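The opening residue of the first sequence carries number 519 in our numbering; numbering runs sequentially from there.
Note sheet for the following structure.
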Amino acid sequence: MNNENIRDFIRERVSRDIREERISGGVVTRFPPEPNGYLHIGHAKSICLNFGIAEEFGGITYLRFDDTNPLSESASFVEAIQTDVKWLGFDWESRLTFASDYFPQLYEFAEELIKRDGAFVCDLSFEELQQSRGTLVKPGIDSPYRNRSIEENLDLFRRMRAGEFITGSKTLRAKIDMRAPNINMRDPVLYRIIHAPHHRTESNWCIYPMYDFTHCICDALEGITHSLCTLEFADHRPLYDWVLENININFHPPQIEFSRLGLEYNVMSKRVLSQLVESRYVTGWDDPRMPTLSGLRKRGVPPAAIRDFCNRIGITKQNNYIETELLDFCVRNTLENTTRRAMAVKRPLEVEITNFEGDDVGLPAPWHPKNLELGERTLTFGRTIYIDRDDFALDPPPKFKRLVQGGIVRLRYAFIIECLDVEKDEQGTVSKVFAKYYPTSRSGADTSGLKPKGVIQFVASNNAHSVEMHDYDRLFSVPTPHRERFDEELNPLSHVVHHGFVEKAVIAVSDSHSFQFERVGFYYRDLHKSSDEGQVVFHRTVPLNQGWKPKV
RNA sequence: UGGGGUGUGGCCAAGCGGUAAGGCAACGGGCUUUGAACCCGUCAUUCGCAGGUUCGAAUCCUGCCACCCCAGCCA
519 MNNENIRDFI RERVSRDIRE ERISGGVVTR FPPEPNGYLH IGHAKSICLN
569 FGIAEEFGGI TYLRFDDTNP LSESASFVEA IQTDVKWLGF DWESRLTFAS
619 DYFPQLYEFA EELIKRDGAF VCDLSFEELQ QSRGTLVKPG IDSPYRNRSI
669 EENLDLFRRM RAGEFITGSK TLRAKIDMRA PNINMRDPVL YRIIHAPHHR
719 TESNWCIYPM YDFTHCICDA LEGITHSLCT LEFADHRPLY DWVLENININ
769 FHPPQIEFSR LGLEYNVMSK RVLSQLVESR YVTGWDDPRM PTLSGLRKRG
819 VPPAAIRDFC NRIGITKQNN YIETELLDFC VRNTLENTTR RAMAVKRPLE
869 VEITNFEGDD VGLPAPWHPK NLELGERTLT FGRTIYIDRD DFALDPPPKF
919 KRLVQGGIVR LRYAFIIECL DVEKDEQGTV SKVFAKYYPT SRSGADTSGL
969 KPKGVIQFVA SNNAHSVEMH DYDRLFSVPT PHRERFDEEL NPLSHVVHHG
1019 FVEKAVIAVS DSHSFQFERV GFYYRDLHKS SDEGQVVFHR TVPLNQGWKP
1069 KV
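Next up, the structure:
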């Protein structure tokens, strides 16, 4: 432990609690997802915080599923969430728990609360409860069932559990204060009747505890020393404390809130994300455009980049919208030194080298210009090659350093070529370029004396493997999409497919799926899916920084 | 007209009474067979606003303003 650990107000608090011996054992945290959706990068912030603090201070972390609502939860989400947490790089070891594991104990605490006259069974309907709760500025009114005897409450609650009443007909409510300015303290519901099977407890229960009753008790039972949650739960803290103070339990974790992550051009709302999935706007929770961990993974974002991102954004109580540039930076930064470079053309333009005769020549090229440990592969150069359409211009903008008519350009790791002529189609767009190459300009042995302004990538036709390059852009076209009209704010160009070529050596690589296609971007090969035509599919992880922008 | 939270450069974020860290972005320049990466440099006389306390305030006090969250038998 050292000062490096104290990077935010929560770590500051943890550090102080340790120093002042406020906690006996070590630090204990937990990450408590509800298994009703997939994890997104906002969850990653919380995961990195909870697991990170335990790691830094020599503590432990539980992965606890908050599964108290059988109507929206399922085992498949439980699976997916575990996969994502592991992938992110964290290990809960043996500490995998479920709120549903504690149902029996929770039930006992509920009975205890009734016996202490701290809770009552209420027969108010949903609408009646809503009416009597009051409003933000108007106090609520007591339930007519509030004064039932302890014996009657106990009897009723036991019968609720026994299944004597239909779904929604009764609730167990805390007896606090209907006039409390904090609405959460207005005799909140603790248990409700739901006759529905639960993904773990099946049909053993027909009453289910609410979050506010469950979370604090589970935290206490697990000895959580710092219960970290997002800001919207701050209003629930008095209730969290109330429950623990009104039952006989010997541990009382402090709840500490921090602000959730906002990412520009994205939305973290589970509701909106699942709607995108259900409407088939995206291909699934793991669509590469989604801010989900599975989506980021499919796009080729390494977990280390997400961890780095989470470390850079900080932990505060301020509302925040992080620019996507920071995430992109983290991704490029972690990929930069370890990812193979290769050549690919996204929008191929055929070039015939008119003075080239005979077989293609092989040209060695390192997989990475600086990290030579990655070795090298052999490129090929021959009479027919492809360059990217963007690298040729009939009418070049100022400062254009690529190929123009009558101009020269270097083909990376190969030769300098000079454009002699072009062929156009009916629409007048260039369909083919004729060029000559300078045999003495071979990379590494250049005696031509030529000094081209630019270098471009190419793929020789004999060395070209055709692929689909899936380019992704921001999911939304506005930085802070509105939850209600999110469908109008989707970016129609968030997914564009290019049919291009990559050098064959790329296809043979098996120990890594990430590549940087030089001057284009980082791409990630999808090994699970090929296109409809059976082609190899690459997802663009992130584009390269553009150091020069042509005026559009 | 209730309760809770927050206001430091474009976006994050340090700062905890002693005279505004850092990162991302941006902008200049260097280097370059990736217009990438890398390297240099520039970028808040000012901390939501107004008063006050103090030798001294982003930090303390008072008032005001703005934004976010809360009225699920969701979490």
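Glycine included, each C-beta is placed from N, C-alpha and C at the ideal position.
None of the values given here were measured: they were computed from a predicted structure.
Sequence-distant Cβ neighbours of R651 in its own chain, meaning closer than 6 Å and more than five residues away, are G658, R704. Nearest C-alpha to E611 among Y580, A637, A628: Y580. Contact annotation, R710 with T689: C-beta distance approximately 5 Å; criterion of less than 8 Å satisfied. The bridge partners DSSP lists for V940 are V951. Sequence-distant partners of N873 (beyond 5 residues in either direction) whose C-beta falls short of 6 Å from its own C-beta, in its chain, are K954.
Beta bridge pairing from DSSP links H754 with no other residue. P884 carries a strand assignment under DSSP once its states are collapsed to helix, strand and coil. The segment 820 to 832 makes no contact with the segment 1013 to 1024; the number of CB pairs closer than 8 Å stays below 3. In the three-state scheme derived from DSSP, where H, G and I count as helix and E and B as strand, H716 is classed as strand. Of S564, I767, F910, D635, the smallest CA-CA separation from C734 is found for I767. DSSP, read as helix, strand or coil, puts C724 in coil. Exclusion of the five residues before and after H713 leaves G681, I684, T685, C724 as the residues of its chain whose Cβ lies within less than 8 Å of its Cβ. Residue range 559 to 574 is occupied by the alpha helix (DSSP H) that includes A572, with no beta strand (DSSP E) assigned at that position. Using a Cβ distance threshold of 9 Å, L739 and F769 count as a contacting pair. Going by C-alpha positions, A628 is about 48 Å away from R992. The beta carbons of A598 and Y556 sit closer together than 9 Å. Take the alpha-carbon of T834 and the one of N722: they are about 42 Å apart. CA-CA distance, W605 to D753, rounds to 33 Å.
With respect to V985, L929 sits apart: the two C-beta atoms are not nearer than 9 Å. Under DSSP, I974 takes part in a beta bridge, and its partners are L929.
For a cut-off of 8 Å, the C-beta gap from L811 to H558 is around 7 Å, short enough to register as a contact. Short of 6 Å from the beta carbon of T965, and not among the five residues preceding or following it, lie these beta carbons of its own chain, in chain order: T958.
For the 9 Å CB-CB criterion, L892 and E1021 do not form a contact.
Check the Cα spacing between L844 and each of L567, N1063, P882, K1047: the tightest is with N1063.
With a threshold of 16 other beta carbon atoms within 10 Å, S533 meets it and is buried.
Under a 10 Å Cβ-count criterion, H988 is classified as buried, with 16 or more other Cβ atoms of the shown protein chains found around its own Cβ.
Excluding sequence positions up to five before and after V795, its CB lies within less than 7 Å of the CB of G802, W803, all in the same chain and listed in chain order. Its chain contains I541 as the residues whose beta carbon lies nearer than 6 Å to that of D535, once the 5 sequence neighbours on both sides are disregarded; these appear in chain order. DSSP places E782 outside both helix and strand once states are collapsed to three, so it counts as coil. For a cut-off of 8 Å, the C-beta gap from F608 to I565 is around 6 Å, short enough to register as a contact. Under DSSP, R1001 forms no beta bridge with any residue. Around the beta carbon of W760, 16 or more other beta carbons sit within 10 angstroms, so the residue counts as buried. DSSP places E870 in the uninterrupted beta strand (DSSP E) bounded by 866 to 871.
In terms of Cβ geometry, R666 and V707 do not form a close pair [threshold 9 Å].
One thing to note: F616 has its Cβ within 9 Å of the Cβ of R718. Assignment of beta strand (DSSP E) within the segment 801 to 880, counting only whole runs of 3 or more residues, yields 858 to 860, 866 to 871 in chain order.
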